[in-house]
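Read in order, the letters of the sequence shown are residues 176 to 247 in the working numbering.
Just so you know, even glycine gets a beta-carbon here, dropped at the ideal spot from N, CA and C.
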Amino acid sequence: MSLSIGIVGLPNVGKSTLFNALTEKSVPAENYPFCTIDPSVGIVAVPDERLEKLNAFSHSRKKIPAAIEFVD
176 MSLSIGIVGL PNVGKSTLFN ALTEKSVPAE NYPFCTIDPS VGIVAVPDER
226 LEKLNAFSHS RKKIPAAIEF VD
């Protein structure tokens, strides 16, 4: 199961700035409308201390954290 989040809103209100802050990417965020026309996608791993405990307990070869996909 995956989680996708779309950031929608009026032009020039800070959607790309929020996207950059959440994903630590650098998509253009200019002070004029319609600067970003094409959607940008960023995937962020969700930190979870329970995953570390489960991984230590199970000794799995592979650890896959939960992830959120953001679309701007």
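Top-ranked residue by Cα proximity to residue i, from the options
i: residue 209; options: 179, 183 and 240; result: 183
i: residue 180; options: 186, 194, 187 and 188; result: 194
Host beta strand (DSSP E) of residue i (start-end)
i: residue 215; result: Taken as a continuous stretch (DSSP letters only), residue 215 belongs to no beta strand (DSSP E), as it is neither H nor E.
i: residue 232; result: It is not in any beta strand (DSSP E) - residue 232 instead sits in the alpha helix (DSSP H) that spans 224–233.
i: residue 178; result: 178–181
i: residue 209; result: Run containing residue 209: none; DSSP gives neither H nor E here.
Per-residue burial, residue i [other beta carbons within 10 Å of its own, 16 or more giving buried]
i: residue 247; result: buried
i: residue 191; result: buried
i: residue 232; result: exposed
Bridge-paired residues (DSSP) for residue i
i: residue 194; result: Answer is none; residue 194 lacks a bridge partner.
i: residue 246; result: 181 and 216
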